[in-house]
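*Asks:* Residue numbers (the numbering used here): 4 to 330.
#1: Excluding sequence positions up to five away, which residues of its chain have a Cβ less than 6 angstroms from the Cβ of residue 130?
#2: Please report the straight-line C-alpha distance between residue 168 and residue 93, rounded to a whole angstrom.
#3: If I measure Cβ to Cβ from residue 54 and keep anything under 6 angstroms in the same chain, skipping five residues before and after, which residues do I get?
#4: Can you tell me whether residue 294 is helix, strand or coil according to DSSP?
#5: Among 128, 187 and 150, which residue has its Cα nearest to the Cα of residue 161?
#6: With distances taken from CA atoms, which of 228, 321 and 117 is nearest residue 265?
#7: Reducing DSSP to helix, strand and coil, say where residue 221 ends up.
#8: Determine, using beta-carbon pairs with one atom in the stretch 12 to 28 and one in the stretch 131 to 142, whether at least three such pairs fall under 8 angstroms.
#9: Tell me which same chain residues have a C-beta within less than 6 angstroms of the C-beta of residue 42, skipping the five on either side of it?
#10: Residue 116 and residue 149: beta carbons closer than 8 angstroms?
#11: Extract the residue ranges of the beta strand (DSSP E) inside the stretch 128 to 204, only unbroken runs of 3 or more that lie entirely within it.
#12: What's the gap between the Cα of residue 171 and the Cα of residue 177?
#13: I'd like to know whether the C-beta atoms of residue 38 and residue 298 end up nearer to each other than 8 angstroms.
#14: On the DSSP bridge list, what partners appear for residue 116?
#15: Nearest-angstrom Cα distance between residue 97 and residue 72?
#16: Between 154, 175 and 108, which has its C-alpha nearest residue 132's C-alpha?
#17: For residue 308, which option in 220, 280, 173 and 269 has the closest C-alpha, if you only look at C-alpha atoms?
#18: Identify the residues that DSSP records as bridge partners of residue 126: which are they?
#19: Using three-state DSSP, classify residue 5 as helix, strand or coil.
#20: Note down the Cα distance separating residue 6 from residue 46, rounded to an integer number of angstroms.
#21: Can you tell me whether DSSP reads residue 211 as helix, strand or coil?
#22: Once the 5 residues before and after residue 102 are set aside, which same chain residues still bring their CB inside 6 angstroms of it?
#23: When you compare each of 34, 207, 44 and 21 to residue 61 by their alpha carbons, which one comes out closest?
#24: What separation, rounded to the nearest whole angstrom, lies between the Cα atoms of residue 49 and residue 145?
#25: Can you give, in chain order, each stretch of the beta strand (DSSP E) that sits fully within the stretch 5 to 29 and has at least 3 residues?
#26: Where does the unbroken beta strand (DSSP E) through residue 272 begin, and where does it stop?
#27: With the cut-off set at 8 angstroms, would you say residue 120 and residue 51 are in Cβ contact?
#28: Reducing DSSP to helix, strand and coil, say where residue 96 ends up.
#29: Using the C-alpha atoms, what's the distance from residue 69 back to residue 283?
#30: Take residue 64 as the anchor and find which of 294, 318 and 305 has the nearest alpha-carbon.
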């Protein structure tokens, strides 16, 4: 049976998402359309490219995520280096290593741009903090004068995973507009960062308003990471460590939020075992435990899941509220 899937963001905790994908595969479920934010965008992209859970697990176990924390030696000097880099680049680390890693994984399956996939097969969420709006890629990239079908998936993933102050934002130049003939050069650019700022779990992306098509609908299942990080206090020595603590706390809080009752019927809740979003030095043993936690959570959810129940609750909690007329 086909399903749509939405993968929540959660930094390195996203490893657990692949375990839940394995549980879905074991049930004979195939992925029709997928979407994700941040690390969820990574998993969604690999699933869309044709990676199996076992293949993703192998990639994860072979990848030292600390390698993504890349910056030149000039910015590595204690205190002054990171501060200078943050001032000049708007991030402590470059996101280029992660983008290149993603690019190579996709190319191994013959995929580079969104045009290499089926139409609407993959959607990635990012945040335009210059214009203060949510972006759903690839469609929204047209706002910047870029052809959505020619846009590289690895670049979209980099946008969605650019944790503010941690990784460099992705800078785009706005398309020319005759209504802004005297716009300053600096105002022509926008900064794109982690989609988790605005929608870390975009379960709404595949919702439909057409009640008559309920029998033909493809169900959507959300893969959500739950549980705070390790609980260890952030050590704050100055403005750099303060900003790092601020955003790591914000992203961890996303994962601890209450799952609304109306979405419990279509959400796999995956425990993250106290791992923090930015724990890029995670060990292989911890990665394996996260994978197994995702597999177990997926199995428990799917053991009780029925399509008939899904349709009933979808109509009750999603469709009917939208068609209620307020008098």
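Cβ atoms here follow ideal geometry from the backbone N, Cα and C, with glycine treated the same way. Quantities reported herein were computed from a predicted structural model and do not represent experimental measurements.
*Replies:* In brief:
#1: Here residue 130 refers to the residue found at position 127 when the chain shown is read from its first residue. Same-chain partners within the cutoff: 196, 198, 200 and 201.
#2: Within the chain shown, residue 168 is the residue found at index 165, counting from 1. Within the chain shown, residue 93 is the residue found at index 90, counting from 1. Distance between the alpha carbons of residue 168 and residue 93 is about 6 angstroms.
#3: For the purposes of this step, residue 54 is taken as residue 51 along the chain shown, with counting starting at 1. Cβ neighbours of residue 54 beyond the five flanking positions: none.
#4: Counting from one through the chain shown, the residue named residue 294 turns up at place 291. In the structure shown, residue 294 sits in a helix (DSSP, three-state: H, G or I).
#5: Within the chain shown, the letter at position 158 stands for residue 161. Comparing Cα positions, the closest option is 128.
#6: Position 262 of the chain shown, counted from the start, is the residue given in the question as residue 265. Among 228, 321 and 117, the Cα nearest to that of residue 265 is on 321.
#7: By 1-based counting over the chain shown, the position of residue 221 is 218. Coil.
#8: no
#9: Counted from its first residue, the chain shown places residue 42 at position 39. For residue 42, where only same-chain residues beyond five positions count, the Cβ hits under 6 angstroms are 12, 13, 14 and 17.
#10: In the chain shown, counting from the first residue as 1, residue 116 sits at position 113. In the chain shown, counting from the first residue as 1, residue 149 sits at position 146. Contact flag unset, no.
#11: 136 to 140, 168 to 170, 173 to 176 and 192 to 197
#12: Counted from its first residue, the chain shown places residue 171 at position 168. Counted from its first residue, the chain shown places residue 177 at position 174. Using only the alpha carbons, I get a separation of about 18 angstroms.
#13: On the chain shown, position 35 is the one that residue 38 refers to. On the chain shown, position 295 is the one that residue 298 refers to. The answer is no: Cβ separation not under 8 angstroms.
#14: One-based indexing of the chain shown puts residue 116 at position 113. DSSP, once it has assigned bridges, lists 155 as partnering residue 116.
#15: By one-based count along the chain shown, residue 97 stands at place 94. By one-based count along the chain shown, residue 72 stands at place 69. Between residue 97 and residue 72, the C-alpha separation is close to 7 angstroms.
#16: Translated into positions along the chain shown, residue 132 becomes position 129. Checking every option, the nearest Cα to that of residue 132 belongs to 175.
#17: The residue given as residue 308 occupies position 305 in the chain shown. Ranking 220, 280, 173 and 269 by Cα distance to residue 308 puts 269 first.
#18: For the purposes of this step, residue 126 is identified with residue 123 of the chain shown, where counting begins at 1. Note: residue 126 sits in a beta bridge opposite 38.
#19: Along the chain shown, one-based indexing puts residue 5 at 2. Looking at residue 5 - three-state DSSP - the assignment turns out to be strand.
#20: Taking the first residue of the chain shown as 1, we reach residue 6 at position 3. Taking the first residue of the chain shown as 1, we reach residue 46 at position 43. Using only the alpha carbons, I get a separation of about 15 angstroms.
#21: As a position in the chain shown, residue 211 is number 208, starting the count at 1. DSSP places residue 211 in coil when its eight states are reduced to three.
#22: Looking up residue 102 in the chain shown gives position 99. Excluding residues within five positions, the ones whose Cβ falls inside 6 angstroms are 157 and 161.
#23: By one-based count along the chain shown, residue 61 stands at place 58. Of 34, 207, 44 and 21, the residue nearest in Cα terms is 21.
#24: Counting from 1 along the chain shown, the entry for residue 49 is found at position 46. Counting from 1 along the chain shown, the entry for residue 145 is found at position 142. Computed Cα separation, rounded: 23 angstroms.
#25: 5 to 10
#26: By one-based count along the chain shown, residue 272 stands at place 269. Start and end: 270 to 274.
#27: By one-based count along the chain shown, residue 120 stands at place 117. By one-based count along the chain shown, residue 51 stands at place 48. Cβ distance < 8 angstroms, so residue 120 and residue 51 count as in contact.
#28: Here residue 96 refers to the residue found at position 93 when the chain shown is read from its first residue. If DSSP states are grouped into helix, strand and coil, residue 96 belongs with the strands.
#29: Working through the chain shown from its first residue, we reach residue 283 at position 280. Working through the chain shown from its first residue, we reach residue 69 at position 66. The alpha-carbon atoms of residue 283 and residue 69 are separated by roughly 5 angstroms.
#30: The residue you call residue 64 lines up with position 61 of the chain shown. If we check each option's Cα against that of residue 64, 294 comes out closest.
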